[in-house]
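Q: From first to last, the protein sequence lines stand for chains F and C.
Its first residue numbered 573, the first sequence is counted upward by one per residue in our numbering.
Its first residue numbered 573, the second sequence is counted upward by one per residue in our numbering.
We treat Cβ as the ideally placed atom computed from N, Cα and C, and that holds for glycine.
Dropping a structure here in structure tokens format, bear with me for questions.
2 protein chains.
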Amino acid sequence: MKKKNKKVNAAILIIGNEILSGRTQDKNVTFISNWLNLNCGVTVQEVRIIPDVEKTIISNVRNLSGKFNYVFTTGGIGPTHDDITAKSIAKAFKIKYGFHKEAFKILESYYGKKKFNDGRKKMAKMPISSRLIYNPSSAAPGFVTKNVLSLPGVPSIINSMIENCKRYLIKGLKVHSKTINLFTVESNISKNLEVIQNKYQKNVDVGSYPFFRLGKIGVSVVFRSTSKKKLVEVNKKILSFAKTKKIKILKLN
Amino acid sequence: MKKKNKKVNAAILIIGNEILSGRTQDKNVTFISNWLNLNCGVTVQEVRIIPDVEKTIISNVRNLSGKFNYVFTTGGIGPTHDDITAKSIAKAFKIKYGFHKEAFKILESYYGKKKFNDGRKKMAKMPISSRLIYNPSSAAPGFVTKNVLSLPGVPSIINSMIENCKRYLIKGLKVHSKTINLFTVESNISKNLEVIQNKYQKNVDVGSYPFFRLGKIGVSVVFRSTSKKKLVEVNKKILSFAKTKKIKILKLN
Numbered sequence: 573m574k575k576k577n578k579k580v581n582a583a584i585l586i587i588g589n590e591i592l593s594g595r596t597q598d599k600n601v602t603f604i605s606n607w608l609n610l611n612c613g614v615t616v617q618e619v620r621i622i623p624d625v626e627k628t629i630i631s632n633v634r635n636l637s638g639k640f641n642y643v644f645t646t647g648g649i650g651p652t653h654d655d656i657t658a659k660s661i662a663k664a665f666k667i668k669y670g671f672h673k674e675a676f677k678i679l680e681s682y683y684g685k686k687k688f689n690d691g692r693k694k695m696a697k698m699p700i701s702s703r704l705i706y707n708p709s710s711a712a713p714g715f716v717t718k719n720v721l722s723l724p725g726v727p728s729i730i731n732s733m734i735e736n737c738k739r740y741l742i743k744g745l746k747v748h749s750k751t752i753n754l755f756t757v758e759s760n761i762s763k764n765l766e767v768i769q770n771k772y773q774k775n776v777d778v779g780s781y782p783f784f785r786l787g788k789i790g791v792s793v794v795f796r797s798t799s800k801k802k803l804v805e806v807n808k809k810i811l812s813f814a815k816t817k818k819i820k821i822l823k824l825n
Numbered sequence: 573m574k575k576k577n578k579k580v581n582a583a584i585l586i587i588g589n590e591i592l593s594g595r596t597q598d599k600n601v602t603f604i605s606n607w608l609n610l611n612c613g614v615t616v617q618e619v620r621i622i623p624d625v626e627k628t629i630i631s632n633v634r635n636l637s638g639k640f641n642y643v644f645t646t647g648g649i650g651p652t653h654d655d656i657t658a659k660s661i662a663k664a665f666k667i668k669y670g671f672h673k674e675a676f677k678i679l680e681s682y683y684g685k686k687k688f689n690d691g692r693k694k695m696a697k698m699p700i701s702s703r704l705i706y707n708p709s710s711a712a713p714g715f716v717t718k719n720v721l722s723l724p725g726v727p728s729i730i731n732s733m734i735e736n737c738k739r740y741l742i743k744g745l746k747v748h749s750k751t752i753n754l755f756t757v758e759s760n761i762s763k764n765l766e767v768i769q770n771k772y773q774k775n776v777d778v779g780s781y782p783f784f785r786l787g788k789i790g791v792s793v794v795f796r797s798t799s800k801k802k803l804v805e806v807n808k809k810i811l812s813f814a815k816t817k818k819i820k821i822l823k824l825n
């Protein structure tokens with residue numbers, strides 16, 4: 573994994589009617605986003621969830637591929653008729669869609685020649701110039717087409733193969749984050765947070781999120797930055813106004 | 573709620589750095605999507621998750637508002653500096669942003685004049701011509717601007733106020749769904765499903781999703797349609813090929 577000392581970003585494109593309809597709760601966004609930041613210094617800046625419709629996949633792949641350093645797609649690379657991600661990506665980039673030699677070999681050896689039926693063979697079809705993301709769980713590989721990395725939809729399979737994406741990514745600056753939990757309401761500290769956010773506009777993102785704990789109301793103040801030094805400064809400023817305002821702090825460890 | 577005997581669609585726009593970064597697991601997509609389909613016959617066709625950045629919110633609101641019958645936004649309508657949804661929507665539609673008289677009264681009476689500070693007053697600021705979505709949990713109302721319905725980000729508050737969206741929606745055709753759980757692998761039934769999907773291309777969506785249960789592999793075949801009659805037909809066809817192929821069915825009730 574090469575290093576690049578600047579911000580590297582990504583989008584996630586979730587392909588699947590089952591997520592859109594509300595039948596299935598997506599779990600891949602939090603997993604991929606956390607993994608990318610912690611391990612690769614890549615920040616996810618947009619997520620889209622779209623149906624299994626070819627023209628929709630094509631237009632979204634093109635759009636996101638042009639806007640971000642990387643695009644991660646999940647879903648739609650299995651053996652059934654509704655798995656159309658590979659074909660759609662080939663069309664989006666005008667690359668020939670067909671059997672990928674190495675993927676074919678991997679799947680043939682996994683299933684054995686006799687059990688390697690048409691449905692399973694379909695999983696070896698993709699943009700023919702793609703590079704593979706190996707899959708230790710169920711053999712069927714993911715693939716990389718230009719700056720688009722395509723993964724399956726099943727969370728446990730993604731978890732098992734995500735490390736194999738690393739070799740295709742350039743490492744950016746990791747975003748560090750810190751949280752201070754204050755027993756107060758947002759409106760009591762909104763001015764203070766605004767002053768801090770304005771002072772650190774370029775380096776730190778300050779967010780506030782209400783929480784409820786044993787009947788008490790609180791606010792988690794989360795601040796994120798690629799600079800640890802700036803986080804220390806912001807940390808001091810928050811503790812300082814909390815002290816002045818006599819706001820209690822919830823310590824979790 | 574007026575009725576319209578055709579398909580009505582919607583998009584969901586999740587606004588919030590905390591979801592994108594993976595810190596917080598989104599729960600609003602499944603809730604809103606299920607509620608819309610079951611109660612209003614509205615189908616969610618796209619979801620986007622974007623950061624708290626004004627120009628990003630503006631371009632996404634404009635884009636989705638033009639593409640779908642309704643857009644639901646969640647997040648960014650609280651009292652702090654990172655709550656910029658209302659202002660951004662006003663800019664997207666070039667509507668004046670300022671105190672909404674009714675919202676101001678609701679909040680003033682909820683907090684009492686003494687405790688109605690600047691942060692809280694901010695929650696009464698929105699596109700001034702918006703209509704309100706009443707909030708029984710924490711008083712601060714959501715609002716409707718053109719075809720965009722803006723809700724807060726906290727799931728429990730959304731759950732408590734979602735019914736108040738109904739009056740602003742035209743009712744479409746409900747999508748019914750049925751699931752058959754087969755103890756087989758996808759590649760064994762992919763041809764059969766494809767034949768069925770091709771026959772019912774215009775009326776029924778057929779999807780297949782692998783599952784694992786007590787060490788056994790299975791496939792949930794989910795089929796969805798606005799026509800109950802077509803669902804009955806597809807149901808028969810699936811049971812028929814399952815019988816021919818001697819595939820066991822998992823009955824959950």
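1. In angstroms with no decimal places, state the Cα-to-Cα distance between G787 of chain C and F640 of chain F.
2. Which parts of the segment 687-726 of chain C are runs of the alpha helix (DSSP H), unbroken and 4 residues or longer, counting only runs that do not cross its ends?
3. Should K685 of chain F be counted as a contact of the ligand COA given a C-beta to heavy atom distance under 7 angstroms?
4. With DSSP as the reference, label I586 of chain C as helix, strand or coil.
5. For the pair the segment 808-824 of chain F and the segment 584-597 of chain C, tell me if three or more CB-CB distances fall below 8 angstroms.
6. Grab me the residues of G779 of chain C's own chain with a C-beta within less than 7 angstroms of its C-beta, minus the 5 sequence neighbours each way, in chain order.
7. Between the beta-carbon of F783 of chain F and the beta-carbon of S792 of chain F, is there less than 8 angstroms?
8. If you drop the 5 nearest sequence neighbours on each side, which residues of the same chain put their C-beta closer than 6 angstroms to that of N589 of chain C?
9. Do the segment 641-650 of chain C and the segment 720-738 of chain C touch if we need at least three Cβ pairs shorter than 8 angstroms?
10. Check for me: the alpha helix (DSSP H) holding F813 of chain C runs from which residue to which?
11. With which residues is D777 of chain F paired in a DSSP beta bridge?
12. Start and end of the alpha helix (DSSP H) containing L765 of chain C?
13. Hey, could you find the ends of the beta strand (DSSP E) L822 of chain F is sitting in?
14. Using DSSP with H/G/I as helix, E/B as strand and the rest coil, what is I729 of chain C?
15. Could one say the Cβ of G638 of chain C lies closer than 8 angstroms to chain F's Cβ atoms, at least one of them?
16. When you compare the CB of H748 of chain C with every CB in chain F, is at least one pair closer than 8 angstroms?
17. In whole angstroms, give me the CA-to-CA distance for S536 of chain F and I661 of chain F.
18. Taking Cβ positions, are I768 of chain F and V726 of chain F nearer each other than 8 angstroms?
19. Excluding sequence positions up to five away, which residues of its chain have a Cβ less than 6 angstroms from the Cβ of I781 of chain F?
20. Let me check understanding here. Comparing Cα to Cα, which of F:V601, F:A582 and F:L610 lies closest to V633 of chain F?
21. When you compare only the Cα positions, how much space is there between K599 of chain C and Y669 of chain F?
22. Assuming H748 of chain C contacts L803 of chain C (C-beta within less than 8 angstroms), just tell me the rounded distance between them.
23. Along the alpha helix (DSSP H) that carries K627 of chain F, what are the first and last residues, could you check?
24. Tell me N581 of chain F's beta-bridge partners as DSSP assigns them.
25. Starting from Y682 of chain F, trace the alpha helix (DSSP H) both ways and give me its first and last residue.
26. Going along chain C in order, which residues have a C-beta closer than 9 angstroms to the C-beta of I621 of chain F?
27. For a contact defined as C-beta to C-beta under 7 angstroms, what are the partners of T652 of chain F on chain C?
28. Taking its Cβ as the centre, do 16 or more other Cβ atoms sit within 10 Å of Y740 of chain F, making it buried, or is it exposed?
29. For chain F, is any of its Cβ atoms less than 8 angstroms away from the one on V776 of chain C?
30. Would you list the residues sitting across from R620 of chain C in a DSSP beta bridge?
31. Whose C-beta lies closer than 7 angstroms to the C-beta of P651 of chain F among residues of the same chain, with five residues either side of it excluded?
32. Which residues in chain F sit within 7 angstroms of N589 of chain C, going by Cβ to Cβ distance?
33. Closest by CA to V757 of chain C, which one among F:F755, F:N689, F:I586 and F:E766?
34. For the alpha helix (DSSP H) containing T602 of chain C, name the first residue and the last one.
35. Would you say V633 of chain C faces chain F, with C-beta separation under 8 angstroms as the test?
36. Can you give me the Cβ contacts of A814 of chain F inside the same chain, cut-off strictly under 7 angstroms, excluding the 5 residues immediately before and after it?
A: This is what the structure holds:
1. The straight-line gap from Cα to Cα measures roughly 40 angstroms.
2. Runs found: 690-694.
3. Of ligands this structure carries none, so the ligand COA is not represented either.
4. Three-state DSSP puts I586 of chain C in a strand.
5. The segment 808-824 of chain F, when compared against the segment 584-597 of chain C, does not touch it at the 8 angstroms Cβ threshold.
6. Non-local beta-carbon contacts of G779 of chain C in its own chain, meaning distances under 7 angstroms to residues more than five positions away in sequence, involve V794 in chain order.
7. Yes, Cβ-Cβ distance for F783 of chain F and S792 of chain F is below 8 angstroms.
8. Here the set comprises P623 and D624.
9. Inter-segment contact for the segment 641-650 of chain C and the segment 720-738 of chain C is present: three or more beta-carbon pairs are separated by less than 8 angstroms.
10. It spans K800 to T816 - the alpha helix (DSSP H) in which F813 of chain C sits, taken as one unbroken run.
11. Per DSSP, F:R796.
12. First-last of the alpha helix (DSSP H) with L765 of chain C: E758 to K771.
13. Residues K820 to L822.
14. In the three-state reduction of the DSSP assignment, I729 of chain C falls in the helix class.
15. Not closer than 8 angstroms to any Cβ of chain F, the Cβ of G638 of chain C fails to qualify, so no.
16. No, its Cβ sits nowhere closer than 8 angstroms to a Cβ of chain F.
17. Beyond the ends of chain F as shown, which are 573 and 825, falls residue 536 of chain F; an answer cannot be given.
18. For I768 of chain F and V726 of chain F, no; Cβs fall outside 8 angstroms.
19. First, the amino acid is wrong: residue 781 of chain F is Tyr here, not Ile. Within the same chain, Cβ atoms closer than 6 angstroms to the Cβ of Y781 of chain F are found at S792, the five residues on either side in sequence being excluded.
20. For V633 of chain F, the nearest C-alpha among the options comes from F:A582.
21. For K599 of chain C and Y669 of chain F, the gap between their C-alpha atoms comes out near 36 angstroms.
22. Their Cβ separation, rounded to whole angstroms, is 6 angstroms, which keeps H748 of chain C and L803 of chain C in contact under 8 angstroms.
23. Per DSSP, the continuous alpha helix (DSSP H) segment holding K627 of chain F begins and ends at E626 to K639.
24. According to DSSP, N581 of chain F bridges with F:T615.
25. K673 to Y683 is the span of the alpha helix (DSSP H), which, as asked, contains Y682 of chain F.
26. Neighbours of I621 of chain F on chain C, chain order: I584, V601, V616, E618, V619, R620 and I621.
27. Those are E758, S762, L765 and S780, listed as they occur along chain C.
28. So Y740 of chain F counts as exposed.
29. Output row for V776 of chain C: interface = no.
30. R620 of chain C is bridged to F:R620 and C:L585.
31. The residues G691, R692, K694 and M695, in chain order, have a CB closer than 7 angstroms to that of P651 of chain F in the same chain once the five nearest residues on each side in sequence are set aside.
32. Against chain F, a Cβ distance below 7 angstroms from N589 of chain C picks out D777 and G779.
33. Of F:F755, F:N689, F:I586 and F:E766, the residue nearest in Cα terms is F:N689.
34. Counting along the chain, the alpha helix (DSSP H) containing T602 of chain C begins and ends at N600 to W607.
35. No - not a single Cβ of chain F is within 8 angstroms of the one on V633 of chain C.
36. Cβ neighbours of A814 of chain F beyond the five flanking positions: L754 and I821.
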